[in-house]
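Undergrad: Number 367 in the UniProt record's numbering belongs to position 367 of the sequence shown; there are no gaps in the numbering.
Backbone N, C-alpha and C fix where the C-beta goes; we use that ideal spot for every residue, glycine too.
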Amino acid sequence: MSTAVRVRFAPSPTGALHIGGLRTALYNYLFAKKSGGTFILRIEDTDQTRYVESAENYIKESLEWIGITPDESPWNDKGTVGPYRQSERKSMYREYAQKLVDDGNAYYAFDTSEELEAMRERLKAARVATPQYNAITRMQMKNSLTLPEEEVKQRLDSGEPYVIRLKVPRKDEVRLNDMVRGWVMVHSSQIDDKVLMKSDGMPTYHLANVVDDHLMGITHVIRGEEWLPSAPLHVLLYQFFGWENSMPQFAHLPLLLKPDGNGKLSKRDAEKHGFPIFPLQWKDPVSGENVAGFREDGYLPDALINFLAFLGWNPGDEREIFSKEELTEAFSIERIGKSGAKFDINKAKWFNQQYLKNKDNSELATYLLKDLKANGISASKETAERVANAMKERVTFPHELYLDGKFFFTKPETYDTKVIEKKWTTEAVKVLELYAISLEKANHIDAEKAKLILTDVLEQEGVGMGKVMPALRVSITGSGAGPDLMEIIAILGKDEITDRIRLALDKLEDQVK
Numbered sequence: 001m002s003t004a005v006r007v008r009f010a011p012s013p014t015g016a017l018h019i020g021g022l023r024t025a026l027y028n029y030l031f032a033k034k035s036g037g038t039f040i041l042r043i044e045d046t047d048q049t050r051y052v053e054s055a056e057n058y059i060k061e062s063l064e065w066i067g068i069t070p071d072e073s074p075w076n077d078k079g080t081v082g083p084y085r086q087s088e089r090k091s092m093y094r095e096y097a098q099k100l101v102d103d104g105n106a107y108y109a110f111d112t113s114e115e116l117e118a119m120r121e122r123l124k125a126a127r128v129a130t131p132q133y134n135a136i137t138r139m140q141m142k143n144s145l146t147l148p149e150e151e152v153k154q155r156l157d158s159g160e161p162y163v164i165r166l167k168v169p170r171k172d173e174v175r176l177n178d179m180v181r182g183w184v185m186v187h188s189s190q191i192d193d194k195v196l197m198k199s200d201g202m203p204t205y206h207l208a209n210v211v212d213d214h215l216m217g218i219t220h221v222i223r224g225e226e227w228l229p230s231a232p233l234h235v236l237l238y239q240f241f242g243w244e245n246s247m248p249q250f251a252h253l254p255l256l257l258k259p260d261g262n263g264k265l266s267k268r269d270a271e272k273h274g275f276p277i278f279p280l281q282w283k284d285p286v287s288g289e290n291v292a293g294f295r296e297d298g299y300l301p302d303a304l305i306n307f308l309a310f311l312g313w314n315p316g317d318e319r320e321i322f323s324k325e326e327l328t329e330a331f332s333i334e335r336i337g338k339s340g341a342k343f344d345i346n347k348a349k350w351f352n353q354q355y356l357k358n359k360d361n362s363e364l365a366t367y368l369l370k371d372l373k374a375n376g377i378s379a380s381k382e383t384a385e386r387v388a389n390a391m392k393e394r395v396t397f398p399h400e401l402y403l404d405g406k407f408f409f410t411k412p413e414t415y416d417t418k419v420i421e422k423k424w425t426t427e428a429v430k431v432l433e434l435y436a437i438s439l440e441k442a443n444h445i446d447a448e449k450a451k452l453i454l455t456d457v458l459e460q461e462g463v464g465m466g467k468v469m470p471a472l473r474v475s476i477t478g479s480g481a482g483p484d485l486m487e488i489i490a491i492l493g494k495d496e497i498t499d500r501i502r503l504a505l506d507k508l509e510d511q512v513k
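Structure (C-alpha cells):
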C-alpha cells in the first residue's frame, strides 16, 4: 500500500455542520496539503433514522464557501475508492462482519429491547457503575455464544432479527499512540461488545468507519476528542481483521469550549452569547427555525479559517495573520494542544476586521453598492470606493460599511443629543455659519483644503479647534464619532456640506447654549 498521506473528513448528514466539524475538516485539509497528500470527503449516513435530506448539500456548500475542496468526494469522480457515501457501500460491510463472526471475533445476538433493558436494570440494582453488554454479561444473554449451534442456525434461517456484536477479549490491554495525546492504554474490561451490524442490515459507525478507512487507504485519522473513547475499539477491529500493520495513525483534536472555558461549546451557548455556531444559516427541518450562520453574519471565509486554525493549534511564534497557503506551510500536528480551546467570538471579530481592512477598496465597494441598491440608494463605484476607504478601519463586517456609513448618502434626520447638549454653543454656531460661507466661495475642495479653510475661520474668530469640531461633525453626520471629518467633507463636496450645516443650524436653532 502507498505511504502517501491520505486523510478523510467524514461528517454525518444529520443536521447542520457544527463549527467544530469545520475545524476538523480544516486540520485534515491543511495536513494533507502540506504533505502533498489527498483529502477525502466521505458521507457517513449509516444511521438512516437520523438522516436529514438537506444536510449533505449543506456540508458541500459550507466547504465550498470556506474554500476547502476535497480531492475525492461524492461530488466528483476523481477518486478510485468510492462510493463515498456509506449507504452506497452497504453490501460490502456484511462480508467483513461475517468474517469477524467466522473467526470467532464477533457473534450473533438475538436479545430484544426489553431483554436488554432488563439486563441494564439488573446491573443497576447490583450497583454496577456502567451497565454494559460485555465479556461477563454476554454469557447471561441470548446470543450465539450461549445458545446451541442448531438453535442459532434455526433462528437465522427463520429470519429472526439479530445484531452482530464484537467479541471483546475479557483480559487484554489495548494501546495506541495518539499523535496529540501520546500513548493511550485501555483495559478491555472497560470496552463493551459494541453492535457492528444492526438488525436492518446497516453497519454501525464503528464497523463502517474502520472498513472504509482501510479500503480507502487512510493513513491518518484526524478527528474530534469525542471519538477518543471509541479508538481502542477501532484498534481491536484492526487487529481482528489482520490490518494492524496498515492501521492509520490517530490524532484526536481538543474540544471547543464555551467562552468561559467550562464545558463543551453547544448551540445553546452560542445563542446565549449571540454568535453563530454553524458556518452557514441553517433552517431546522423540524422546528422550521432559521439558525444564524457565520457567512450571513458577515464573516469572511479567510478570516474564519484563520480563526479556526488557532482554536487548538499555534505556529510557535507571535504571528496571527495567515493566508490559507501560509497556514498550510506552518501547520503541524505536533503543535496541536491537548487542552480544550475557548471559543472567543471577539477574537473571530478581530480576525474579520483585519481581513476586511486589508481588502481592496474596489472589492469593499461591491459590498457597499449591493446594500445601497437594496435600500434604494444609487451611487457611483468611485464614490463607493472612497466611502469604503474612509470606513474600513472602523468596521468589523461588510454590512457595516452601509449601516455605519449611511450618512454619506443621506442627510441626518436626528443629531446626537449628548454632543448638542455639550458642544452646540453660540461660539460653535458662529464658526459653522462662517465655514459654510467660506466653503461656498472655494473652487475646489479636498481634505487638505477643507481643513485649511476651517483653520482660517477659527483663527479669524480666535476659537480653538476642539470647541468646534464636535458641532461640525454632528451637523454633517448626525453623530459624535466617525472617520476623518475632513475626508468626509472631501467625499461629500462643498455643496452637500454647506446644505447640511445650514440644515442643522436651522433645526437646532433653539438648542444653542
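Could you round the C-beta distance between residue 51 and residue 17 to whole angstroms and report it? I think they count as a contact, below 8 Å.
TA: At roughly 15 Å, the Cβ-Cβ gap does not stay under 8 Å, so residue 51 and residue 17 are not in contact.
Undergrad: Please report the distance separating the alpha-carbon of residue 517 from that of residue 357.
TA: With the chain covering 1 to 513 only, the question about residue 517 has no answer from this structure.
Undergrad: Have a look at 474, 216 and 484 and flag the residue whose alpha-carbon is nearest the alpha-carbon of residue 80.
TA: Closest in alpha carbon position to residue 80, among 474, 216 and 484, is 216.
Undergrad: Give the DSSP-derived three-state secondary structure of residue 320 in the structure shown.
TA: Of the three classes helix, strand and coil, the one that applies to residue 320 here is coil, per DSSP.
Undergrad: Within a Cβ cutoff of 7 Å, which residues of the same chain sit near residue 257, ignoring the five residues on either side of it in sequence?
TA: Once the five neighbours on either side are set aside, the close Cβ partners of residue 257 are 263, 264, 265, 340, 341, 342 and 343.
Undergrad: Give me the residue from 242, 195, 282 and 124 with the minimum Cα distance to residue 15.
TA: 282
Undergrad: Is residue 1 helix, strand or coil by DSSP?
TA: Residue placement at residue 1 is flagged as unreliable, the pLDDT there being 40, under the threshold of 50; the coordinate-derived value follows with that caveat. In the three-state reduction of the DSSP assignment, residue 1 falls in the coil class, being assigned neither a helical nor a strand state.
Undergrad: Once the 5 residues before and after residue 335 are set aside, which same chain residues still bring their CB inside 8 Å of it?
TA: These residues qualify, in order along the chain: 313, 314, 315 and 316.
Undergrad: For the structure I just gave you, are there three or more beta carbon pairs, one from the region 150 to 161 and one from the region 213 to 232, closer than 8 Å?
TA: Touching, no.
Undergrad: Work out the CA separation of residue 346 and residue 451 for me, nearest whole Å.
TA: Rounded to the nearest angstrom, the gap between the Cα atoms of residue 451 and residue 346 is 36 Å.
Undergrad: Let me check you understand the geometry: is the CB of residue 55 closer than 7 Å to at least one non-hydrogen atom of the ligand ZN?
TA: The ligand ZN is absent from the structure shown, which contains no ligand whatsoever.
Undergrad: Check this for me: beta carbons of residue 390 and residue 409, under 8 Å apart or not?
TA: no
Undergrad: At which residues does the beta strand (DSSP E) containing residue 185 begin and terminate?
TA: 182 to 187
Undergrad: Under 8 Å, do residue 490 and residue 436 count as touching if we go by C-beta distance?
TA: no
Undergrad: Looking only at its chain, what residues have a beta carbon closer than 6 Å to the beta carbon of residue 292, apart from the 5 residues adjacent to it on each side?
TA: 276
Undergrad: Would you please state the rounded distance, in angstroms, between the beta carbons of residue 362 and residue 385? I believe it to be under 8 Å.
TA: Here residue 362 really is in contact with residue 385; their C-beta atoms are around 6 Å apart, less than 8 Å.
Undergrad: Going by C-alpha to C-alpha distance, which of 295, 272, 270 and 271 sits closest to residue 280?
TA: 295
Undergrad: Would DSSP call residue 295 helix, strand or coil?
TA: coil
Undergrad: Assuming residue 268 is part of the alpha helix (DSSP H), what are its boundary residues?
TA: 267 to 273
Undergrad: How would you write the range of the beta strand (DSSP E) that residue 197 sits in, first residue to last?
TA: 195 to 197
Undergrad: Taking 8 Å as the limit between beta carbons, can you name the residues of its chain near residue 24, skipping five residues before and five after?
TA: 9, 222, 223, 224 and 253
Undergrad: Quick check on the burial criterion: 16 or more other C-beta atoms within 10 angstroms. Buried or exposed for residue 209?
TA: buried
Undergrad: Enumerate in chain order the residues of its own chain whose CB-to-CB distance from residue 30 is below 7 Å, with the five nearest sequence positions on each side excluded.
TA: Within the same chain, residue 30 has close Cβ partners 327, 328 and 331.
Undergrad: May I have the straight-line CA-CA distance separating residue 503 from residue 274, to the nearest angstrom?
TA: 39 Å
Undergrad: Expressed to the nearest angstrom, what Euclidean distance is found between the alpha-carbon atoms of residue 190 and residue 355?
TA: 48 Å
Undergrad: Give the DSSP-derived three-state secondary structure of residue 162 in the structure shown.
TA: coil
Undergrad: By Cβ distance below 7 Å, which residues in the same chain neighbour residue 269 in space, the five residues on each side in sequence not counted?
TA: Within the same chain, 258 come within 7 Å of residue 269 by CB-CB distance, once the 5 residues on both sides are set aside.
Undergrad: Do three or more CB pairs link the region 119 to 133 to the region 233 to 253 at distances below 8 Å?
TA: no
Undergrad: Which two residues bound the contiguous alpha helix (DSSP H) that contains residue 98?
TA: 90 to 102
Undergrad: Are the CB atoms of residue 98 and residue 43 within a distance shorter than 8 Å?
TA: no
Undergrad: Please work out which residues of its chain come closer than 8 Å, Cβ to Cβ, to residue 219, disregarding the five sequence neighbours upstream and downstream, and give them in chain order.
TA: Excluding positions up to five away in sequence, the list reads 3, 4, 5, 6, 7, 37, 248 and 249.
Undergrad: For the region 423 to 438 against the region 481 to 490, do three or more pairs of beta-carbon atoms, one drawn from each stretch, fall closer than 8 Å, so that the two count as touching?
TA: no
Undergrad: Could you compute how far the alpha carbon of residue 238 sits from the alpha carbon of residue 350?
TA: Straight-line Cα distance between these residues: approximately 45 Å.
Undergrad: Is residue 72 helix, strand or coil when you go by DSSP?
TA: strand
Undergrad: Where does residue 494 land, buried or exposed, given buried means 16+ other C-beta within 10 angstroms?
TA: The residue in question, residue 494, is buried, as its Cβ has 16 or more Cβ neighbours within 10 Å.
Undergrad: Contact check, residue 468 vs residue 428 under 8 Å by CB: the rounded distance?
TA: 5 Å
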